[in-house]
Amino acid sequence: MAITTHDTETEIQDRAILVSLVTDKIKRTGIDPELSLQELVQLAETAGVEVLDVLRQNKETPDSKWFIGKGKVEELRMAADGLGANTAIFDQELSGAQVRNLEEALDLKIIDRTQLILDIFAGRAKTREGIIQVELAQLSYLLPRLSGHGKNLSRLGGGIGTRGPGESKLETDRRHIRDRITELKRQLDEVVKTRELHRERRRKSGAVQVALVGYTNAGKSTLLKQLTDADVYIENQLFATLDPTSRVLQLPAGKEVVLTDTVGFIQNLPHDLVASFRATLEEVNEANLVLHVVDASSPMREEQMEVVQSILQDLGAAGKPQIVLFNKSDICRPEQLQMLPSGPGFLKISAFNPDDLTRITEMIADELAGDTLTFRIPGDRGDLSSLLYRVGEVLEQNVEDNDVLYHVRLNKEDYGKWSYKLAEFVEQE
Ligand SMILES: Nc1nc2c(ncn2[C@@H]2O[C@H](COP(=O)(O)OP(=O)(O)OP(=O)(O)O)[C@@H](O)[C@H]2O)c(=O)[nH]1
Ligand SMILES: [Mg+2]
């Protein structure tokens, strides 16, 4: 037996065949199954899996017993035998019974997309909060599928699908898992409270918050590093960042904001994971401004942007002022660049171009400073005049007949809050 010098867990190299079943339901979602499969390859490689082959099937509905058709199961067995695979990874979520049936029929470890993502997260979590959140998500995923995990998990040991809660916990009964979930939720509540206190302090200090959000691998951490010299983990792999990191960013004219990097999003992000990571993602809700970082060079750019918008919606942050940063312009083809929307709120950038970094900070400053509007306030509405002084910066005021014309700089968020009172007094240009 070979003796290795590093004492990591017993690494069994996962050699996998990826499987994608395209059903009518999936076709209706509009998600391109081929792109999804490409992403599954990246996910598998990020998890340290060697991808040997990919099998596809079109079928109206999934087979209740095998998920894929019986004939496909046979094809999978032959491919696995021929290539020496020990794992099959499915691009769609499987039921516990399907996992058990496939494991027994094929003598392979059976993993689905959700489990693969959870596994990557488990390998990444560093902070107490991250670790609790991942374990919570894994157990919530596992609980309804408990009977689905057969002998293979324990027989094969290590590798994907077995990190995190661990083998011994997999074998404990549902009751233990439920107790553990309750305990984890309690611990998470505590962490959340501490985070709340930090936020409260930041709010009181009046610090303006700006959050970097976007699809995984878009370049969020790279931008944080380039803009603030932060020492953060950057990798060309999915979910490099798990825990939010905040740094002070200097804007032109000396103003400072707090810039926060967040966990990346992905399509079909496991629901349990989103729920568990709510505490972390709350950072986005606190932001005064959202920087939506997009990998403009990705063939999945539009789909990825939609995924991000829909997760922002779920978080209740879709209405926040947003700047879209089309990143990686240095590796875009000219026709890709031409197709990108431009105008206010959009920037085409490369995180490695210093001029672009300046343009980003200028746009942040502009966005936070807001627009200049003119209000015509009747002379007897002193309440509205003082409101304007309170929420905006009055640049000029002139009396005209019985009205006062106010020239005011207001940021969108503040204006949004008071527009129900102020909108009818805005002067059209
Ligand atoms: N060519 C090019 N590569 C970039 C640019 N910005 C980031 N990258 C690369 O893209 C990869 C991902 O960058 P990260 O900053 O880790 O991406 P992220 O959005 O933080 O990803 P997660 O934390 O995984 O969600 C790294 O290999 C970066 O070097 C860019 O403007 N141009
Ligand atoms: Mg990152």
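Whatever position you read off the sequence shown (first residue = 1), add 15 for this note's numbering. Here a beta-carbon is modelled for each residue, glycine too, at the ideal position from N, C-alpha and C. From a predicted model like this one, the values you see are computed outputs, not experimental measurements.
Given residue i, which residues of its chain have a CB within under 8 Å of its CB, disregarding the five upstream and five downstream residues?
i, result
"R170", "Reliability fails at R170, whose pLDDT of 41 lies under 50, so the model's placement of it is uncertain and no value is given."
"A438", "none"
"V88", "W81, L117, A120 and L121"
"K85", "D78"
"T61", "I135, Q252, L253 and F254"
"Q282", "I46, S51, E54, E318, Q319 and V322"
Can you tell me which residues form a DSSP beta bridge with residue i?
i, result
"V345", "Before going on, a small fix: residue 345 reads as Asp here, not Val. Its beta-bridge partners do not exist; DSSP assigns none."
"Y230", "F280"
"K363", "F341"
"N417", "Beta-bridge pairing links N417 to no other residue."
"K124", "T102"
"F136", "Answer is none; F136 lacks a bridge partner."
"F82", "D78"
"H307", "V228 and V339"
"S35", "R71"
"E271", "Q265"
"Q353", "Its beta-bridge partners do not exist; DSSP assigns none."
"E411", "H422"
"V441", "F390"
Apart from the five residues just before and just after residue i, which ones in its own chain have a Cβ nearer than 6 Å to its Cβ?
i, result
"S291", "Q148, L151 and A152"
"I125", "A103, V114, L117 and E118"
"F361", "V339"
"Q72", "L36, I83 and K87"
Return no unless some Cβ of chain C is closer than 9 Å to the Cβ of residue i.
i, result
"G279", "The displayed structure is made up of one protein chain only, and chain C is not part of it."
Could you have a look at residue i and say whether DSSP puts it in helix, strand or coil?
i, result
"A222", "coil"
"L117", "helix"
"D429", "helix"
"D370", "helix"
"G172", "Annotation note: pLDDT 49 at G172 (below 50); position unreliable, coordinate value reported separately. Of the three classes helix, strand and coil, the one that applies to G172 here is coil, per DSSP."
"R71", "strand"
"D261", "It should be noted that the sequence gives Ser, not Asp, for residue 261. Strand, per DSSP."
"I392", "strand"
"L58", "helix"
"Q202", "helix"
"D386", "strand"
"E65", "strand"
Sorted by chain position, which residues of the same chain lie with C-beta nearer than 7 Å to residue i's C-beta, five sequence neighbours on each side aside?
i, result
"N300", "L330, G331 and A332"
"L91", "I32, V34, L70, A103 and L121"
"N426", "L383, A384 and G385"
Requested in this report: Count the CB pairs spanning the stretch 351 to 359 and the stretch 309 to 319 that are closer than 8 Å, and state whether there are at least three.
Outcome: Short answer: they touch.
Query raised in the report: Does the stretch 248 to 268 touch the stretch 83 to 99, meaning 3 or more C-beta pairs lie closer than 8 Å?
Result: Counting Cβ pairs under 8 Å, fewer than three are found: no touch.
Query raised in the report: Pairing CB atoms from the stretch 271 to 286 with CB atoms from the stretch 192 to 208, are three or more of them under 8 Å?
Result: Contact between the stretch 271 to 286 and the stretch 192 to 208 is absent, because fewer than three Cβ pairs lie under 8 Å.
Query raised in the report: If you pair each beta-carbon of the stretch 37 to 48 with each one of the stretch 217 to 236, do three or more pairs fall below 8 Å?
Result: Output reads no: the stretch 217 to 236 does not touch the stretch 37 to 48.
Query raised in the report: Touching or not, the stretch 414 to 428 and the stretch 374 to 381, by the rule of three or more beta carbon pairs under 8 Å?
Result: Inter-segment contact for the stretch 414 to 428 and the stretch 374 to 381 is absent: fewer than three beta-carbon pairs are separated by less than 8 Å.
Report task. Specify whether the stretch 211 to 221 and the stretch 238 to 246 touch according to this definition: at least 3 beta carbon pairs, one from each stretch, less than 8 Å apart. Result -> As far as the Cβ criterion goes, the stretch 211 to 221 does not touch the stretch 238 to 246, which means the pair count is below three.
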